[in-house]
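Trainee: First the structure, then my questions, so here it is.
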Amino acid sequence: MSFLALAAISKSFGPNQVVKDFNLSVGKGEFVSFLGPSGCGKTTVLRMVAGFETPSAGTIRIDGQDVTRLPANKRRIGMVFQAYALFPNMSVSQNVAFGLKVAGADRATISRRVGEMLELIKLDHLGERFPYQLSGGQQQRVALARALAPKPNLLLLDEPLSALDAQIRVSLRDDIRAIQRELGITTIFVTHDQEEALSISDRVVVMHQGRADQLGTPAEIYNRPATRFVANFVGKLNTFEARIADADEGQLNFAGKDFTAPTPLRGLRSGDPITVALRPEALALHRRHDDEASLQGKVLDFNFLGSVIRAKVEVDGRPICLDMFNQSGFTMPPVGTATELYFSRSDLLVL
Ligand code: ADP
Ligand code: MG
């Protein structure tokens, strides 16, 4: 049973169609991210859910009710924006109380609820401070508390971490997820950062030019990208120009060798050009249990990244990346060494 349902939503601004036939069904309590580059329509979809924009076509349902034309203030939605959205002339407590006051809650209810919310975001000692006295991360916590105070049905977060430093961004995203789980509130989180989306979501919608290219769990998006755009946008990828050697037998050729495709090559004919790809961690310098295929290469360089060592290896005249865990006993082959790169053909992505 879906709690939020978007059916065939489109949105045009003048002649520009910026959201195209967008469909989505979000379950109660689910955490779904919209992931995509700047300008792909993430905010526009979010604003339609919130009621700040009206779709040009399609319907939006929340908890079974058609809200497509319902004003924003009747939708019981909490929203957090990128940054600087607190009322600067109000204290933290007054900011958090704002939505409750507007809704006409009594003084005792407001005071209790503000206390609960400040405890939830672990800022119960800072209620009297003003926004300018807080760090960026603290301000976003207050914005979250303000959005949650009136007990919304749906929480919408539009790039809430983008303006923060890397370290705060990671810790606050985990806090947001923990609070979301604790409250069980259905949440949509917008980001252009793939690591952010993959790390905290139940499911991710990858958006591209106003469309949903793929909807899936983080593992599905990463392991089985549905389009070339998704494959390139999410995670690092080594691509190879390949050719179908034998369509019926599922044979393809790249980097000078024949390989068996992991899945049947439907709709393709022998001789057709295609692109295949391998993630950096799908490749190894030593044969692992499931590796039954290999490429020949020449070591170009190593990057020591801490938990991972990334090797750059020239294959078929082009540099490709290979990630290995930093395990004891690993010695790097000298730069310039000819080497075999092993992989399992089940990890081969045919795009
Ligand atoms: P994102 O949030 O993914 O960066 P947006 O939803 O903000 O993308 O914008 C998608 C496209 O719609 C962009 O090309 C943007 O310029 C355009 N757009 C957004 N809002 C308006 C508006 N009110 N009027 C005209 N064009 C708009
Ligand atoms: Mg945006």
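Each residue of the sequence shown is one higher than the last, beginning at 428 in our numbering. Cβ atoms here follow ideal geometry from the backbone N, Cα and C, with glycine treated the same way. None of the values given here were measured: they were computed from a predicted structure.
I need the straight-line Cα distance from Leu431 to Thr618, nearest angstrom please.
Mentor: The sequence position of residue 431 within the sequence shown is 4, counting from 1. The sequence position of residue 618 within the sequence shown is 191, counting from 1. If you take the alpha carbons of Leu431 and Thr618, they lie about 19 Å apart.
Trainee: For a test of your reading of the model: does the CB of Lys447 fall under 7 Å from any non-hydrogen atom of ligand 1? Yes or no.
Mentor: On the sequence shown, residue 447 is found 20 positions in, with the first residue counted as 1. No, since every heavy atom of ligand 1 falls outside the 7 Å radius drawn around the Cβ of Lys447.
Trainee: Here's the rule I'm using: 16 or more other beta-carbon atoms within 10 Å means buried, otherwise exposed. How should Phe449 be labelled?
Mentor: As a first step, residue 449 is located in the sequence shown; it is residue number 22 there, counting from the start. Classification of Phe449: buried, given that the 10 Å Cβ count is 16 or more.
Trainee: Taking the alpha helix (DSSP H) that Gly564 falls in, what are its first and last residues?
Mentor: Position 137 of the sequence shown holds residue 564. Where Gly564 is concerned, the enclosing alpha helix (DSSP H) stretches over 563–575.
Trainee: Which one or two residues does DSSP pair with Thr687 in a beta bridge?
Mentor: Counting from 1 along the sequence shown, the entry for residue 687 is found at position 260. According to DSSP, Thr687 bridges with Gln678.
Trainee: Between which two residues does the alpha helix (DSSP H) harbouring Gly545 extend?
Mentor: Translated into positions along the sequence shown, residue 545 becomes position 118. Contrary to the premise, residue 545 reads as Leu rather than Gly in this sequence. It spans 534–547 - the alpha helix (DSSP H) in which Leu545 sits, taken as one unbroken run.
Trainee: CB of Gly466 to nearest heavy atom of ligand 1: below 7 Å?
Mentor: Locating residue 466 in the sequence shown gives position 39, where the first residue counts as 1. Correct: Gly466 has its Cβ closer than 7 Å to ligand 1.
Trainee: Tell me, please, whether the stretch 640–650 touches the stretch 603–619 by the rule of three or more beta-carbon pairs shorter than 8 Å.
Mentor: Counting Cβ pairs under 8 Å, fewer than three are found: no touch.
Trainee: Please tell me whether, using a cut-off of 7 Å, the distance from the CB of Thr471 to the nearest non-hydrogen atom of ligand 1 is below it.
Mentor: One-based indexing of the sequence shown puts residue 471 at position 44. Yes, the beta carbon of Thr471 sits closer than 7 Å to at least one heavy atom of ligand 1.
Trainee: Under DSSP, the beta strand (DSSP E) around Thr618 begins and ends at which residues?
Mentor: For this step, residue 618 is matched to residue 191 along the sequence shown. Note, Thr618: beta strand (DSSP E), 613–618.
Trainee: Less than 8 Å between the C-beta atoms of Ala704 and Leu776, yes or no?
Mentor: Here residue 704 refers to the residue found at position 277 of the sequence shown. Here residue 776 refers to the residue found at position 349 of the sequence shown. Going by C-beta atoms, Ala704 is nearer than 8 Å to Leu776.
Trainee: Can you find the residues in the same chain that come closer than 6 Å, C-beta to C-beta, to Ile615, ignoring five residues on each side of it along the sequence?
Mentor: Within the sequence shown, residue 615 is the residue found at index 188, counting from 1. Cβ neighbours of Ile615 beyond the five flanking positions: Val459, Leu583.
Trainee: Is Lys663 helix, strand or coil when you go by DSSP?
Mentor: For the purposes of this step, residue 663 is identified with residue 236 of the sequence shown, where counting begins at 1. Three-state result, Lys663: coil.
Trainee: Indicate, with yes or no, if ligand 1 has a heavy atom lying under 7 Å from the CB of Gly485.
Mentor: Indexing the sequence shown from 1 puts residue 485 at position 58. No, the Cβ of Gly485 stays beyond 7 Å of every heavy atom of ligand 1.
Trainee: Taking 8 Å as the threshold, find out whether the stretch 693–708 comes into contact with the stretch 671–678 through three or more Cβ pairs.
Mentor: Cβ pair count under 8 Å is three or more, so yes.
Trainee: When you measure from the CB of Phe656 to every non-hydrogen atom of ligand 1, does any distance come out below 7 Å?
Mentor: Mapped onto the sequence shown, residue 656 falls at position 229. Phe656: no, Cβ never under 7 Å from ligand 1.
Trainee: Is it the case that the CB of Val617 approaches a heavy atom of ligand 2 more closely than 7 Å?
Mentor: Taking the sequence shown and counting its residues from 1, the one referred to as residue 617 is at position 190. Yes - ligand 2 has a heavy atom lying nearer than 7 Å to the Cβ of Val617.
Trainee: Taking Val742 as part of the beta strand (DSSP E), name the residues at either end of that continuous run.
Mentor: As a first step, residue 742 is located in the sequence shown; it is residue number 315 there, counting from the start. Its beta strand (DSSP E) spans residues 735–742.
Trainee: Check each candidate in Val523, Leu591, Tyr649 and name the one with the smallest Cα separation from Arg540.
Mentor: Position 113 of the sequence shown holds residue 540. Nearest option by C-alpha distance: Val523.
Trainee: Tell me Lys501's beta-bridge partners as DSSP assigns them.
Mentor: For the purposes of this step, residue 501 is taken as the residue at position 74 of the sequence shown. BP columns for Lys501 are empty, so no partner.
Trainee: Beta carbon of Glu480: closer than 7 Å to some heavy atom of ligand 2?
Mentor: Numbered from its first residue, the sequence shown carries residue 480 at position 53. Every heavy atom of ligand 2 is 7 Å or more from the Cβ of Glu480, so no.
Trainee: Looking at Ala512 and Ala590, is the spacing between their C-beta atoms short of 8 Å?
Mentor: As a working note, residue 590 is residue 163 in the sequence shown. As a working note, residue 512 is residue 85 in the sequence shown. Result no, Cβ atoms of Ala590 and Ala512 do not sit closer than 8 Å.
Trainee: With a threshold of 6 Å on Cβ separation, who are the neighbours of Arg556 within its own chain once the five nearest residues in sequence on each side are excluded?
Mentor: As a working mapping, residue 556 is identified with position 129 in the sequence shown. The residues are Val519.
Trainee: Specify the secondary structure class of Asn443 as computed by DSSP and reduced to three states.
Mentor: Along the sequence shown, read from residue 1 onward, the residue named residue 443 stands at position 16. Reduced to three states, the DSSP call for Asn443 is strand.
Trainee: For ligand 2, I want to know if Glu586 counts as a neighbour, meaning its beta carbon is within less than 7 Å of at least one of the ligand's heavy atoms.
Mentor: Position 159 of the sequence shown, counted from the start, is the residue given in the question as residue 586. Because some heavy atom of ligand 2 lies under 7 Å away, the Cβ of Glu586 counts as near it: yes.
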